[in-house]
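Participant:
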Amino acid sequence: MKFVDEATLLVQSGDGGRGCVSFRRERFIPRGGPDGGNGGKGGDVVLIATRAKHTLYHFRYKHRFQAQRGGHGSGANRHGKNGEDLLIEVPVGTIVRDAETSEIIADLSAEEERCIVCHGGRGGKGNKHFTSSTYRAPKFAQEGEEGEEKTLKLELKLLADVGLVGLPNAGKSSLITALTAARPKIGAYPFTTLAPSLGVLQDPYGEPVVIADIPGLIEGAAQGAGLGHRFLRHIERNRLLIHLIDASQVTAEDPLASYQAINKELSSYDQALGEKPQIVVLNKMDLPEAEEGACLFKQSCGNLQVLQISAILGEGLDELIEAIFAQLREPGRRPS
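Using my numbering, the first residue of the sequence shown is number 312, and each one after it goes up by one.
Shown next, in the form of structure tokens:
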């Protein structure tokens, strides 16, 4: 299924039913009193978070939603039926904004979390409601209230424990394929990955670890360049980043160029992203130029701990997996 992480919805709650003007008509009671019932309340529009959805793709072709209106009141003091609420499922991790003001209405980050985005209109009162000691036969009733209407902007932030970041063609898709059952598109050219991919790494001593392959970032991504801008937000919820570097592309002129470029983009987008814990990984150690590149990088990075792997050959993955589990098992790094 195609990954879609933004959607615009037009939602409208149900109108309230109108009240009824009615008078009792019974045998031997020619002038019965008012007995018009009230209208029912219109249905609310409710967004509900579910882990059964992983993308906003289901809103690609359907983006108008309207809840049921309330039933009208009738004679014999019969009230109209309340309109049914309209439940709209969204993936866990969806941020709901008012499209006109950009104000955040809700951040649905837990299973079954709900938010009423439009309240149904109240039902109108029937003429029975307006009876008093001085006004015994009212011949009017209320119309129901109109429902609310809003345009919503939905933004999905993936709920993943670990995010894979790096320049295009660093081997992120190959790595998530090697670590998990995810099968993203893989190719020997930049921007093969055009949308985030999710995979699950099983921790034998703890909870499963969800890993997200974030499309490659380039210089200026924080300002919208390349594919990075719209995907940087997915990193915000990650507890740990794997910073992947193509060791075969490390040069003597500037060994830390790619490493520093990615960290600059993370910090430019949000300082908190630049401060997230990272595991720095040199990939493609199976290539002839990689050994020299790895030496240059390690000589220039000071005390930074660096792992070396070949995602294609599966070399060094056990050490990487242990490093991931060790980081996530630390106190304070577990999900809240």
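Beta carbons are placed, not taken as given, at the ideal position from N, Cα and C, and that holds for glycine. Note that the structure is a prediction, hence the values are computed from the model and not measured.
1. CB-CB under 6 Å to S621, same chain, minus the five flanking residues each way: which ones, in chain order?
2. Who are G585's beta bridge partners in DSSP?
3. Using the Cα positions of D524 and P479, report the straight-line distance between them to the nearest angstrom.
4. Do L367 and D316 have their beta-carbon atoms positioned less than 8 Å apart in this structure?
5. Based on Cα-Cα distance, which residue from G343, E460, P526 and P588 lies nearest to D255?
6. Return the chain-ordered ranges of every beta strand (DSSP E) run that is complete within the segment 400-472 and spans a minimum of 3 residues.
7. Have a look at S385 and R329 and give me their C-alpha separation to the nearest angstrom.
8. Is the number of C-beta pairs between the segment 449-465 and the segment 428-440 that are closer than 8 Å three or more?
9. Given this structure, state the Cα-to-Cα distance separating R371 from K468, to the nearest angstrom.
10. Does the Cβ of F451 have 16 or more other Cβ atoms within 10 Å, making it buried, or fewer, making it exposed?
11. What residues match up with T361 in a beta bridge as DSSP calls it?
12. Quick one: what does DSSP say D524 is sitting in, helix, strand or coil?
13. With a threshold of 7 Å on Cβ separation, who are the neighbours of K364 within its own chain once the five nearest residues in sequence on each side are excluded?
14. For I590 and G625, what's the separation of their Cα atoms in angstroms?
15. The beta strand (DSSP E) that contains E395, what's its start and end?
16. Helix, strand or coil, according to DSSP, for T366 in the structure here?
17. Among H554, I546, K352 and H545, which has the Cα closest to the Cα of N302?
18. Helix, strand or coil for D629, going by three-state DSSP, please let me know.
19. Can you tell me the Cα-Cα spacing of S508 and D418, whole angstroms?
20. Could you give the distance in angstroms between the alpha-carbon of R645 and the alpha-carbon of L639?
21. Taking the alpha-carbon positions, what's the Q453 to A378 distance?
22. Secondary structure at G604, three-state DSSP: helix, strand or coil?
23. Taking the beta carbon of R380 as the centre, do at least 16 other beta carbons fall within 10 Å, making it buried, or is it exposed?
24. Ordered along the chain, which non-local residues of its own chain (more than five positions away) have a Cβ less than 8 Å from that of I497?
25. Do you know whose CA, among N438, G344 and Y446, lies nearest V332's CA?
26. According to DSSP, is R544 helix, strand or coil?
27. List the endpoints of the continuous alpha helix (DSSP H) containing E317.
28. Mark F608 as exposed unless 16 or more other C-beta atoms lie within 10 angstroms of its C-beta, in which case mark it buried.
29. Starting from I573, trace the alpha helix (DSSP H) both ways and give me its first and last residue.
30. Would the beta-carbon of T412 fall within 8 Å of that of L465?
Facilitator: Checking against the coordinates, here is how it stands:
1. M596 and D597
2. The partner list for G585 (beta bridge, DSSP) is empty, contrary to what the question assumes.
3. 11 Å
4. yes
5. The structure shown does not extend to residue 255, since the chain is modelled only from 312 through 647, so no value can be given for it.
6. 405-409, 415-419, 425-429 and 460-467
7. 9 Å
8. yes
9. 17 Å
10. exposed
11. P402
12. strand
13. E400, V401 and P402
14. 17 Å
15. No beta strand (DSSP E) contains E395, which DSSP labels as neither H nor E.
16. coil
17. Here the chain has residues from 312 to 647 only, and residue 302 is not among them.
18. helix
19. 22 Å
20. Per-residue confidence for R645 stands at a pLDDT of 45, beneath the threshold of 50, marking its modelled position as unreliable; no derived number is given.
21. 21 Å
22. helix
23. buried
24. Interpretation of I497 is limited by its pLDDT of 41, a score under 50 that renders its predicted location unreliable; the figure taken from the coordinates is listed afterwards. S484, S485, T488 and T503, listed in sequence order.
25. N438
26. helix
27. That residue, E317, is in no alpha helix (DSSP H); its beta strand (DSSP E) goes E317 to Q323.
28. buried
29. A568 to Y580
30. no
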